[in-house]
Structure formats: structure tokens, C-alpha cells
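*Asks:* Anchor point for the sequence shown: position 60 equals 69 in our numbering, and the numbering is continuous, going up by one each time.
Built from N, CA and C at the ideal position, the CB exists for glycine as well.
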Amino acid sequence: MTTTVTLSAAASFTPEPYYQAAFRLNSQGRTAQDAAHGIVSAKTTAAEGWKGRAAAAFAARATSIAGTVEGLASSLIQHANLPKWYAYAEAKNTACQER
Numbered sequence: 010m011t012t013t014v015t016l017s018a019a020a021s022f023t024p025e026p027y028y029q030a031a032f033r034l035n036s037q038g039r040t041a042q043d044a045a046h047g048i049v050s051a052k053t054t055a056a057e058g059w060k061g062r063a064a065a066a067f068a069a070r071a072t073s074i075a076g077t078v079e080g081l082a083s084s085l086i087q088h089a090n091l092p093k094w095y096a097y098a099e100a101k102n103t104a105c106q107e108r
């Protein structure tokens with residue numbers, strides 16, 4: 010499906026909201042990465058001297074949660090590229106149409 014943008018719509022396009030969305034997604038991804046690292050660090054600290062089934066269960070659960078959070082972080086960072094790409098592509102198209 011091809012969409013045609015009118016000249017007035019292209020002229021009024023502002024990429025800033027898309028860049029802001031990309032920045033926020035990336036920032037949230039970095040925050041989630043930090044949280045995943047914190048979970049791993051807390052797991053290590055909490056498990057010092059702790060042995061047995063409870064310790065193993067805690068370590069497994071913390072590892073699982075850290076992995077899930079790391080996956081979320083990766084997804085957020087990856088998805089930040091879409092609005093950034095769109096803003097850049099649309100800004101470029103607008104500039105080309107103004108020539």
C-alpha cells in the first residue's frame with residue numbers, strides 16, 4: 010500500500026516528537042539493563058554463604074528475572090530505532106520536497 014503525502018503535510022512535518030520517543034525508549038532500555046545488572050549483583054550478594062535448595066531456587070529465580078528484564082531492555086533499545094528512523098526518513102523526504 011502506497012501512501013501519498015500532500016505537500017502541505019510534508020512541509021508541516023516536525024521530526025522532534027519521534028526523536029523524543031526514540032530517546033525515551035532508549036533511556037528506558039538502559040534503565041532496564043541497569044536493573045538486570047542490579048538483580049544479578051543482588052543475587053550474588055544475597056547468596057553468599059547460603060546453601061541448599063532454597064539458595065538454588067533463589068539463584069534460579071533471580072537469574073530468570075534478570076534474563077527477562079535484559080530481554081525487555083534489548084527490545085526497548087531495538088524498538089527505539091523505529092521512531093528515530095521514521096523521523097530521519099520523513100525529515101529527509103520533507104527537505105527533498107522543499108527543493
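Can you give the beta carbon distance from Ala-56 to Ala-64, rounded, assuming they're within the 8 Å contact cut?
*Replies:* Going by Cβ atoms, the distance from Ala-56 to Ala-64 rounds to 6 Å, so yes, they are a contact pair.
*Asks:* Given that a residue counts as buried once 16 or more other Cβ atoms are within 10 Å of its Cβ, and exposed if not, what is Pro-26?
*Replies:* It counts as exposed.
*Asks:* Once the 5 residues before and after Thr-44 are set aside, which same chain residues still bring their CB inside 6 Å of it?
*Replies:* The sequence as given places Ala at residue 44; Thr does not occur at that position. Result list for Ala-44: Val-78, in chain order.
*Asks:* Give the DSSP-derived three-state secondary structure of Lys-60 in the structure shown.
*Replies:* Of the three classes helix, strand and coil, the one that applies to Lys-60 here is coil, per DSSP.
*Asks:* Can you give the Cα-Cα distance for Ala-98 and Ile-48, rounded to whole angstroms?
*Replies:* Distance between the alpha carbons of Ala-98 and Ile-48: 38 Å.
*Asks:* Using the C-alpha atoms, what's the distance from Trp-59 back to Leu-34?
*Replies:* Each residue's Cα considered, the two are about 38 Å apart.
*Asks:* One question on the structure: do Ala-82 and Gln-42 come within less than 7 Å of each other, judged by their Cβ atoms?
*Replies:* Taking 7 Å as the Cβ cut-off, Ala-82 and Gln-42 qualify as a contacting pair.
*Asks:* Exposed or buried, what is Leu-85 when buried is set at 16 or more other beta-carbons lying within 10 Å of its beta-carbon?
*Replies:* It counts as buried.
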